[in-house]
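Residue numbers (the UniProt record's numbering): 1 to 175.
The beta-carbon is built from N, C-alpha and C at its ideal position, and this holds for glycine as well.
Only one structure is covered here, and it is reproduced in the block below.
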Ligand SMILES: [Zn+2]
Ligand SMILES: [Zn+2]
């Protein structure tokens, strides 16, 4: 094989992602598994070039189309999300937390799906949240214009709680 192996936690997530794909009559091929593993192993969002750089199957570099096609598949299955602002990919938080990817239905029986991300511009980490109030507000605002929304991705930039705490601590040291 010679393919990269990941941390036990990531391997476990990959196994459950594989089972999830099987349940949807899809295949998590070795390449797709590798790309997903690299994304899950990284604490920060991964760009396509970055993934290409780290992707080695049998010690050989991978062709860009292979990585792009894998990313397309993983995004379509809801296993990873693309953060447009960063042109980078993160694993779905629901998959990371429950180790059982929901295929991104997020359990909404009706209305649109609105995926929400908090992007910290200091540490470059991304947090996925699911606040139903945001989804409902988008739905209502669009409907008021006679517009039928199909879906939405909300990307909110700012400073995360940890970075805010760090900044506050640094502030007290100075004064
Ligand atoms: Zn998600
Ligand atoms: Zn931060």
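Just checking, does the region 70-78 make contact with the region 145-163 on the three C-beta pairs under 8 Å criterion?
no
Could you spell out the range, first to last residue, of the alpha helix (DSSP H) harbouring residue 66?
Translated into positions along the chain shown, residue 66 becomes position 66. First-last of the alpha helix (DSSP H) with residue 66: 64-76.
Less than 9 Å separating the beta-carbons of residue 114 and residue 134?
As a first step, residue 114 must be located in the chain shown, where it is residue number 114. As a first step, residue 134 must be located in the chain shown, where it is residue number 134. Yes. Within cutoff.
Considering just the uninterrupted stretch of the alpha helix (DSSP H) at residue 163, what are its terminal residues?
Numbered from 1 along the chain shown, position 163 holds the residue referred to as residue 163. Looking at the DSSP string, the run of the alpha helix (DSSP H) that includes residue 163 is 161-174.
Express the C-alpha separation of residue 56 and residue 106 in angstroms, rounding to a whole number.
For this step, residue 106 is matched to residue 106 along the chain shown. For this step, residue 56 is matched to residue 56 along the chain shown. Low confidence applies to residue 106: its pLDDT is 45, below 50, so where it sits in the model is not reliable enough to give any reading.
Would you say the region 84-93 touches the region 42-52, given that touching needs at least three Cβ pairs under 8 Å?
yes
Where the beta carbon is closer than 7 Å to any heavy atom of ligand 2, which residues qualify, in chain order?
120, 122, 123, 125, 159, 160, 162, 163
Can you tell me whether residue 43 is helix, strand or coil according to DSSP?
The sequence position of residue 43 within the chain shown is 43, counting from 1. It is coil, neither helix nor strand.
Taking the DSSP output, what are the residues bridged to residue 90?
Here residue 90 refers to the residue found at position 90 of the chain shown. Residue 90 is bridged to 81.
Which residues does DSSP list as the beta-bridge partners of residue 118?
The residue given as residue 118 occupies position 118 in the chain shown. Note: residue 118 sits in a beta bridge opposite 127, 156.
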